[in-house]
Amino acid sequence: MSALPQSALDQLFLTARTYNEWSDLPVDEPTVRKLYDLFRWGPTSGNSCPARFVWVRSSEAKSQLASLASETNGPKILAAPLTVIIGYDLAFPETMPKLFPARGEMMRQAFLKPGVTEVMALRNGSLQGAYLIIAARALGLDCGPMSGFDNAGVDRVFFSGTRIKSNFICSIGYGKAGTPFPRNPRFTFEEAGHFA
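Quick note on the numbering used here: the sequence shown kicks off at 13 and runs consecutively.
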(Lines of atoms letter the chains of each structure in order from A and count residues from 1; the text may use other names and numbers.)
(Lines give C-alpha, C1' and ligand atoms only; values in the text may rest on other atoms or scores of the structure.)
Protein backbone atom coordinates (compact mmCIF):
# COMPACT_ATOMS: atom_id res chain seq x y z
CA MET A 1 0.00 0.00 0.00
CA SER A 2 1.38 3.41 -0.91
CA ALA A 3 0.79 6.81 0.68
CA LEU A 4 -1.95 9.00 -0.76
CA PRO A 5 -0.86 12.05 -2.75
CA GLN A 6 -0.74 15.42 -1.03
CA SER A 7 -3.91 16.54 -2.82
CA ALA A 8 -5.84 13.66 -1.20
CA LEU A 9 -4.44 14.49 2.25
CA ASP A 10 -5.48 18.10 1.72
CA GLN A 11 -9.02 17.08 0.73
CA LEU A 12 -9.43 14.72 3.67
CA PHE A 13 -7.69 16.71 6.41
CA LEU A 14 -5.46 19.69 5.73
CA THR A 15 -7.69 22.01 3.72
CA ALA A 16 -11.00 20.29 4.57
CA ARG A 17 -13.26 22.45 6.72
CA THR A 18 -16.46 22.20 8.71
CA TYR A 19 -19.27 23.90 6.81
CA ASN A 20 -22.34 25.62 8.21
CA GLU A 21 -23.60 27.17 4.95
CA TRP A 22 -24.44 25.26 1.81
CA SER A 23 -24.73 25.70 -1.92
CA ASP A 24 -28.00 24.84 -3.66
CA LEU A 25 -26.59 21.59 -5.07
CA PRO A 26 -28.57 18.56 -3.86
CA VAL A 27 -27.12 15.32 -2.53
CA ASP A 28 -29.02 12.65 -4.45
CA GLU A 29 -29.82 9.12 -3.34
CA PRO A 30 -27.18 7.42 -5.53
CA THR A 31 -24.53 9.63 -3.89
CA VAL A 32 -25.78 8.74 -0.39
CA ARG A 33 -25.73 5.04 -1.26
CA LYS A 34 -22.23 5.36 -2.72
CA LEU A 35 -21.13 7.11 0.47
CA TYR A 36 -22.53 4.33 2.65
CA ASP A 37 -21.02 1.62 0.44
CA LEU A 38 -17.62 3.25 0.98
CA PHE A 39 -17.56 3.95 4.70
CA ARG A 40 -19.26 0.71 5.79
CA TRP A 41 -15.93 -1.06 5.25
CA GLY A 42 -14.18 0.82 8.07
CA PRO A 43 -13.15 -1.53 10.90
CA THR A 44 -15.12 -1.99 14.12
CA SER A 45 -14.50 -4.30 17.09
CA GLY A 46 -15.41 -7.81 16.03
CA ASN A 47 -17.04 -6.36 12.90
CA SER A 48 -19.85 -5.27 15.21
CA CYS A 49 -21.05 -2.35 13.04
CA PRO A 50 -23.41 -0.88 15.69
CA ALA A 51 -24.00 2.48 13.98
CA ARG A 52 -27.41 3.17 12.48
CA PHE A 53 -28.25 6.10 10.23
CA VAL A 54 -31.25 8.26 9.43
CA TRP A 55 -30.65 10.32 6.28
CA VAL A 56 -32.81 13.40 6.90
CA ARG A 57 -33.71 15.14 3.64
CA SER A 58 -37.47 15.74 3.47
CA SER A 59 -38.75 19.16 4.55
CA GLU A 60 -40.88 17.58 7.27
CA ALA A 61 -38.03 15.53 8.75
CA LYS A 62 -35.63 18.49 8.56
CA SER A 63 -38.14 20.64 10.45
CA GLN A 64 -38.58 17.92 13.11
CA LEU A 65 -34.83 17.55 13.57
CA ALA A 66 -34.22 21.31 13.55
CA SER A 67 -36.86 21.78 16.26
CA LEU A 68 -34.88 19.39 18.47
CA ALA A 69 -31.56 21.15 17.87
CA SER A 70 -29.99 24.10 19.61
CA GLU A 71 -30.82 27.63 18.48
CA THR A 72 -27.61 27.81 16.43
CA ASN A 73 -27.85 24.31 14.91
CA GLY A 74 -31.50 24.38 13.80
CA PRO A 75 -30.91 26.77 10.87
CA LYS A 76 -27.90 24.72 9.73
CA ILE A 77 -30.08 21.61 9.49
CA LEU A 78 -32.79 23.45 7.56
CA ALA A 79 -30.26 24.90 5.10
CA ALA A 80 -28.34 21.69 4.42
CA PRO A 81 -29.50 19.41 1.61
CA LEU A 82 -29.00 16.40 3.90
CA THR A 83 -28.33 15.80 7.59
CA VAL A 84 -27.59 12.32 8.86
CA ILE A 85 -28.36 11.21 12.40
CA ILE A 86 -25.64 8.83 13.52
CA GLY A 87 -27.00 6.50 16.16
CA TYR A 88 -25.78 3.34 17.88
CA ASP A 89 -27.86 0.22 18.34
CA LEU A 90 -27.83 -1.34 21.80
CA ALA A 91 -29.30 -4.49 20.21
CA PHE A 92 -26.24 -4.90 17.97
CA PRO A 93 -25.03 -8.12 19.70
CA GLU A 94 -27.96 -9.95 18.08
CA THR A 95 -26.43 -9.28 14.66
CA MET A 96 -23.09 -10.92 15.45
CA PRO A 97 -23.94 -14.34 13.94
CA LYS A 98 -24.50 -12.54 10.63
CA LEU A 99 -21.53 -10.18 10.84
CA PHE A 100 -18.98 -12.63 12.28
CA PRO A 101 -20.13 -16.06 11.04
CA ALA A 102 -17.05 -17.94 12.27
CA ARG A 103 -17.64 -17.01 15.94
CA GLY A 104 -20.95 -15.17 15.91
CA GLU A 105 -22.58 -16.77 18.94
CA MET A 106 -19.44 -16.41 21.04
CA MET A 107 -19.19 -12.72 20.03
CA ARG A 108 -22.89 -12.21 20.75
CA GLN A 109 -22.48 -13.56 24.28
CA ALA A 110 -19.32 -11.49 24.87
CA PHE A 111 -21.02 -8.24 23.77
CA LEU A 112 -24.09 -8.97 25.92
CA LYS A 113 -22.11 -8.90 29.17
CA PRO A 114 -23.23 -6.15 31.60
CA GLY A 115 -21.60 -2.82 30.78
CA VAL A 116 -20.01 -4.10 27.57
CA THR A 117 -22.90 -3.47 25.16
CA GLU A 118 -23.15 0.28 25.84
CA VAL A 119 -19.40 0.92 25.68
CA MET A 120 -18.92 -1.13 22.51
CA ALA A 121 -21.93 0.41 20.77
CA LEU A 122 -20.95 4.00 21.51
CA ARG A 123 -17.25 3.53 20.76
CA ASN A 124 -17.70 1.68 17.49
CA GLY A 125 -20.70 3.74 16.40
CA SER A 126 -18.55 6.86 16.88
CA LEU A 127 -15.83 5.28 14.75
CA GLN A 128 -18.35 4.64 12.00
CA GLY A 129 -19.50 8.26 12.18
CA ALA A 130 -15.89 9.37 11.72
CA TYR A 131 -15.51 7.05 8.74
CA LEU A 132 -18.63 8.68 7.27
CA ILE A 133 -17.02 12.13 7.46
CA ILE A 134 -13.77 10.99 5.83
CA ALA A 135 -15.63 9.06 3.12
CA ALA A 136 -17.87 12.06 2.39
CA ARG A 137 -14.82 14.27 1.96
CA ALA A 138 -13.22 11.62 -0.25
CA LEU A 139 -16.28 11.81 -2.52
CA GLY A 140 -16.06 15.60 -2.76
CA LEU A 141 -18.78 16.35 -0.22
CA ASP A 142 -18.47 18.74 2.71
CA CYS A 143 -19.56 18.02 6.27
CA GLY A 144 -20.86 19.92 9.25
CA PRO A 145 -20.85 17.57 12.27
CA MET A 146 -22.78 18.71 15.33
CA SER A 147 -23.84 17.84 18.81
CA GLY A 148 -26.11 20.43 20.43
CA PHE A 149 -29.48 18.72 20.14
CA ASP A 150 -32.00 16.96 22.36
CA ASN A 151 -30.83 13.34 22.20
CA ALA A 152 -33.88 11.98 24.01
CA GLY A 153 -36.19 13.91 21.69
CA VAL A 154 -34.36 12.71 18.58
CA ASP A 155 -34.54 9.15 19.88
CA ARG A 156 -38.31 9.47 20.41
CA VAL A 157 -38.95 10.92 16.96
CA PHE A 158 -36.47 9.03 14.78
CA PHE A 159 -35.70 5.80 16.67
CA SER A 160 -39.03 5.02 18.32
CA GLY A 161 -39.58 1.35 19.13
CA THR A 162 -35.88 0.47 18.83
CA ARG A 163 -32.88 0.28 21.13
CA ILE A 164 -31.03 2.81 18.97
CA LYS A 165 -29.66 5.93 20.67
CA SER A 166 -28.56 9.09 18.86
CA ASN A 167 -24.86 9.96 19.05
CA PHE A 168 -24.28 13.01 16.82
CA ILE A 169 -25.58 14.55 13.63
CA CYS A 170 -23.77 15.66 10.51
CA SER A 171 -24.98 17.88 7.70
CA ILE A 172 -23.66 16.87 4.29
CA GLY A 173 -23.61 18.77 1.03
CA TYR A 174 -21.47 21.12 -0.99
CA GLY A 175 -20.29 23.93 1.23
CA LYS A 176 -20.72 27.55 0.20
CA ALA A 177 -17.31 28.93 -0.70
CA GLY A 178 -15.81 31.50 1.65
CA THR A 179 -18.18 30.77 4.53
CA PRO A 180 -16.15 28.69 7.04
CA PHE A 181 -14.85 30.44 10.11
CA PRO A 182 -11.06 30.92 10.32
CA ARG A 183 -9.41 27.64 11.24
CA ASN A 184 -8.85 27.20 14.97
CA PRO A 185 -5.56 25.85 16.33
CA ARG A 186 -4.89 22.24 17.25
CA PHE A 187 -2.56 20.76 19.86
CA THR A 188 1.01 20.03 18.83
CA PHE A 189 2.31 16.46 18.92
CA GLU A 190 3.96 17.09 22.30
CA GLU A 191 0.85 18.72 23.79
CA ALA A 192 -1.38 15.83 22.74
CA GLY A 193 0.80 12.83 23.51
CA HIS A 194 4.16 11.23 24.09
CA PHE A 195 6.11 8.09 23.30
CA ALA A 196 6.25 5.37 25.94
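Where is the CB? At the ideal position from N, CA and C, for every residue including glycine.
Secondary structure of Leu94, DSSP reduced to three states: DSSP places Leu94 in strand when its eight states are reduced to three.
C-beta atoms of Ile176 and Thr95 nearer than 7 Å: Taking 7 Å as the Cβ cut-off, Ile176 and Thr95 do not qualify as a contacting pair.
Helix, strand or coil at Arg64 [DSSP, three-state]: Arg64: strand per DSSP, three-state reduction.
Delimiting residues of the alpha helix (DSSP H) encompassing Gly185: From DSSP, Gly185 is part of no alpha helix (DSSP H) but of the beta strand (DSSP E) over Ile176 to Gly185.
Entirely enclosed alpha helix (DSSP H) segments - the segment 23-76, minimum 4 residues: Taking 4 residues as the minimum length, the alpha helix (DSSP H) runs contained wholly in the segment 23-76 are 41-51, in order along the chain.
At least 3 beta-carbon pairs within less than 8 Å: the segment 161-174 vs the segment 115-134: Contact annotation: the segment 161-174 does not touch the segment 115-134, with fewer than three C-beta pairs closer than 8 Å.
Alpha-carbon to alpha-carbon, Pro194 and Leu24: A straight line joining the alpha-carbon of Leu24 with that of Pro194 spans about 18 Å.
Integer Cβ distance of Ala78 from Leu90, believed to fall under 8 Å: Going by Cβ atoms, the distance from Ala78 to Leu90 rounds to 5 Å, so yes, they are a contact pair.
Status (buried if at least 16 other CB within 10 Å, exposed otherwise) for Pro55: Answer is exposed; the Cβ neighbour count stays below 16.
For Gly141, three-class secondary structure by DSSP: Gly141 falls in the helix class under three-state DSSP.
Sufficient close CB pairs (3 or more, under 8 Å) joining the segment 98-108 to the segment 28-35: By the C-beta criterion, the segment 98-108 is judged not to be in contact with the segment 28-35, since fewer than 3 inter-stretch pairs fall below 8 Å.
Nearest-angstrom Cα separation, counted from Cys61 out to Ala122: Spanning the two alpha carbons is a distance of roughly 15 Å.
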